[in-house]
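For the sequence shown, our numbering begins at 2 and goes up steadily by one. Beta carbons are placed, not taken as given, at the ideal position from N, Cα and C, and that holds for glycine. Remarks on the structure that follows.
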Amino acid sequence: MNKLTKQEVRDTLDLMDQDLSVDYYRLYPNEQGAFEQLKEIMATAIYQRNKALKLQDEQGVNWVNDGNTVGMMLYVDLFSEDLSQLMDKVWYFKNLGITLIHLMPVLEKRVGENDGGYAVKNYLEIDPSLGNMAIFEKLIAKYHLSGIRICIDYVINHTSNDHTWALNAIKGETKYQDYFYMYDTDERPKAFEKTMNQVFPNVAPGNFTFLNALQKWVMTTFYPFQWDLNYSNPQVLNEMITILLNLANKGVDMIRLDAIPYVWKSLGSDCRNLPEVHTVLAIFRKIISVCAPSVALLGEAIVEPQTIITYFGSEESSECHSLYNASYMVEIWNSIATRDARHISHMPQYRVPSKSVWINYARCHDDIGWGLDNGHLRSLGFDPHAHKMYLIDFYLGSLKDSFSRGELYEYNPQSLDARNSGTLASLAGLERALKEKDRYQLELALKRIELIHALFILKSGIPMIYSGDELGTLNDYTYKTDSHKSHDSRWLHRSKFAWNDVEKLNEVSNPVALVYKGVKALIALRKLIYGNHPVVQEETMHFGNSHLLGFLQHLKSEETPTLLIYNFSEDRQWLYTSDLKRYGLNGKWLEMLQGKRLDFAENTLILGPYEFFLLKFEN
Ligand code: GLC
């Protein structure tokens with residue numbers, strides 16, 4: 002392949018600029034100069050992209066839709082101290098079957114408190130505590146050799162207050178003050194506050210911070226040290242695109258765009274999910290598709306279900322390749338607490354555009370916010386407010402019959418509203434059972450943990466495991482003694498990776514080994530069933546028994562569907578086969594995890610406590 006000259010690249014871009022220019026001028030009318038600069042940025046990036054990556058680009062992002070992809074997210078420092086040591090951990094991921102690793106913020110972060118790295122000081126360097134760019138590139142190459150892809154976090158809504166742009170703004174450079182939302186008086190901030198919500202109402206109240214050094218106000222939607230970038234300034238978008246392409250050219254396979262609903266602000270609105278956010282994302286997508294076509298964008302939009310889906314864009318104007326299925330995650334925990342599968346089975350079904358994919362998960366580094374659909378709750382006979390209060394208390398563990406152990410996050414003493422923190426295993430009952438030495442509860446907790454994993458590992462989309470959950474890691478209360486962390490209960494589920502537990506994986510009856518074995522078997526099952534036959538259509542089933550959830554999956558080039566049935570209760574449950582026959586399902590089926598056979602000619606099928614089936618038609 003002959004390398005195109007930079008001029009040839011530019012000419013090609015000129016030919017295809019219509020689409021992009023429509024979006025760009027919608028945001029920045031009359032900014033021809035800035036648009037020309039953007040094309041120059043793209044031309045440079047294409048020109049600089051190395052041969053190996055260009056070869057990889059020929060496959061595009063097909064990999065996101067292949068049934069083999071299984072992800073794990075982790076903090077590098079907690080998992081392996083730094084990138085060099087992570088380089089020697091390929092075996093761990095290979096053993097488990099992980100093929101995509103999301104490295105949470107690795108770029109140079111603010112010194113001191115930094116929101117777990119989500120306050121970036123320098124987007125072009127790796128945090129010195131983790132290594133440097135050269136090591137990072139080596140690491141990507143090494144993981145690629147083992148068939149493992151790398152996803153990196155890109156915090157696009159804000160920089161930290163010690164980023165050069167912020168420091169230049171503090172020095173009085175108006176060019177950089179315009180990179181942020183800065184005001185001389187509190188008039189505009191007060192006007193904004195009238196309609197803006199609060200992300201951290203308790204730990205970081207308000208959306209503006211007064212800068213003593215400058216005697217100005219700056220918008221800080223998250224923590225006061227996270228300054229919101231002003232995307233209404235085309236220079237900001239151009240800078241952020243330069244960085245996006247720079248990261249892509251390091252060889253990463255996926256870029257997680259942090260907190261996307263917030264990136265556009267407008268006075269008089271709540272400054273979330275504005276139409277311009279979609280235009281910004283459409284621009285990101287068009288540019289990445291041209292300059293680094295094998296790189297996928299993962300959007301983080303933890304908002305209402307009907308809004309999340311909009312961040313895929315449409316068939317005509319695509320936005321993110323993948324999005325967190327936060328609604329499904331919340332419904333999992335809702336159904337686990339209530340033992341009522343109707344919460345999931347009545348979830349609205351949204352059509353995902355082609356070449357797009359959900360990231361399914363149960364836990365991540367953040368809290369669980371109870372963003373449930375109130376209309377849907379009411380239709381099931383629940384009072385939405387009372388039900389939310391119940392879930393908050395249930396996962397705190399304050400209800401007498403709760404198996405869960407967690408903490409409140411962002412508790413509001415006036416409204417009693419809160420979110421919940423805790424690891425998957427602790428929220429699912431393992432911590433309490435072990436502490437109370439309750440063997441019966443321990444068995445149930447282990448089954449529940451396996452069920453929760455099955456719910457997202459076998460679902461259509463990419464499963465993303467939160468590192469440590471595969472070992473049943475429990476809550477870590479030591480964060481309370483660290484003054485940089487004690488106010489933020491999300492550190493409860495951000496503990497050091499338990500390498501000593503990895504040494505116990507051969508101890509047959511050790512809970513850690515049992516959890517690990519279950520997760521590993523599910524990953525293997527996923528690859529066996531969907532590896533060459535990804536799900537093309539998934540239908541939620543409705544059964545007479547409200548403890549049971551079913552999915553009917555139609556797989557690529559498979560004649561008969563795959564059937565998933567989950568029991569959300571700790572009691573045995575009966576499923577009338579007439580409920581299955583209604584979907585045209587008859588005959589004998591093989592359960593693929595256990596190997597047992599089920600005959601739909603029987604009147605009922607029985608599922609044990611928290612049992613689930615993945616069934617393939619036999620005859
Ligand atoms: C995202 C991250 C969260 C962080 C926030 C601000 O939501 O997941 O951890 O606090 O963005 O960057």
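Residue i versus the options, residue with shortest Cα-Cα distance
i, options, result
"Gln86", "Gly61, Gln574 and Gly132", "Gly132"
"Arg495", "Thr474, Ile151, Ala434 and Asp259", "Thr474"
"Leu258", "Leu268, Ile244 and Asn250", "Ile244"
"Met88", "Gly72, Arg50 and Glu138", "Glu138"
"Gly68", "Lys617, Glu559, Arg527 and Glu603", "Arg527"
"Leu1", "Leu594, Met593 and Met542", "Outside the shown range of the chain (2 to 620) lies residue 1, about which nothing can therefore be said."
"Ala499", "His488, Glu471 and Leu428", "Glu471"
"Ser81", "Val509, Val237 and Lys497", "Lys497"
"Met73", "Lys521, Ala46, Thr45 and Met197", "Lys521"
"Asn203", "Glu37, Leu594, Tyr48 and Tyr412", "Tyr412"
"Phe285", "Ile242, Ala327, Ile309 and Leu268", "Ile242"
"Val253", "Tyr531, Ile453 and Leu54", "Leu54"
"Tyr478", "Asn501, Glu437 and Ser427", "Ser427"
"Leu615", "Tyr26, Tyr531 and Thr165", "Tyr531"
"Thr70", "Leu529, Ile171 and Leu39", "Leu529"
"Asn51", "Asn31, Asn63 and Lys4", "Lys4"
"Gly398", "Arg433, Gly376, His377 and Leu373", "Arg433"
"Leu21", "Asp12, Lys40, Gln199 and Lys7", "Lys40"
Same chain only: Cβ atoms within 6 Å of residue i, ignoring 5 sequence neighbours per side
i, result
"Glu1", "There is no way to answer for residue 1, as the model of the chain reaches only from 2 to 620."
"Asp163", "Arg111 and Lys122"
"Leu550", "Ala342, Ile345, Ser346 and Tyr567"
"Ala249", "Ala293 and Val296"
"Glu240", "none"
"Asp83", "Leu131 and Gly132"
"Ile458", "Pro464, Leu523 and Arg527"
C-beta atoms of residue i and residue j nearer than 8 Å
i, j, result
"Glu305", "Tyr312", "no"
"Leu425", "Pro610", "no"
"Leu443", "Leu435", "yes"
"Asp154", "Pro190", "no"
"Ile149", "Phe94", "yes"
"Ser468", "Gln554", "no"
"Thr578", "Lys617", "no"
"Phe613", "Leu556", "no"
"Val516", "Lys505", "no"
"Phe226", "Ser130", "no"
"Val65", "Val536", "no"
"Ile136", "Ile102", "no"
"Leu298", "Ile333", "no"
"Val281", "Leu246", "no"
"Asn115", "Val264", "no"
"Leu14", "Ala44", "yes"
"Ala120", "Tyr232", "no"
"Ser323", "Ile141", "no"
"Ala167", "Trp218", "no"
"Ile171", "Ala205", "no"
Contacting residues, own chain, Cβ-Cβ under 7 Å from residue i (five flanking each side not counted)
i, result
"Ser422", "Asp368, Gly407, Glu408, Tyr410, Ser490, Arg491, Leu493 and His494"
"Asp580", "Phe544 and Gly545"
"Gly430", "Phe404, Ser405, Gln442, Leu445, Ala446 and Arg449"
"Gly370", "Ile303 and Arg420"
"Asn169", "Tyr177"
"Asp185", "Lys217"
"Ser558", "His534"
Cβ-based burial, residue i [other Cβ within 10 Å; buried from 16]
i, result
"Gln538", "exposed"
"His485", "exposed"
"Ile607", "exposed"
"Ser295", "buried"
"Ser355", "exposed"
"Thr605", "exposed"
"Lys287", "buried"
"Val10", "buried"
"Arg364", "buried"
"Asn476", "buried"
"Tyr480", "buried"
"Asp502", "buried"
"Asn326", "buried"
"Gln57", "buried"
"Met197", "buried"
Close-in-space but distant-in-sequence residues of the same chain around residue i (CB under 8 Å, 5 per side omitted)
i, result
"Glu619", "Gly588, Lys589, Trp590, Leu591 and Arg598"
"Ser570", "Arg340, His548, Pro610 and Tyr611"
"Ala283", "Asp24, Gly314, Ser318, Ser319 and Glu320"
"Arg379", "Pro385"
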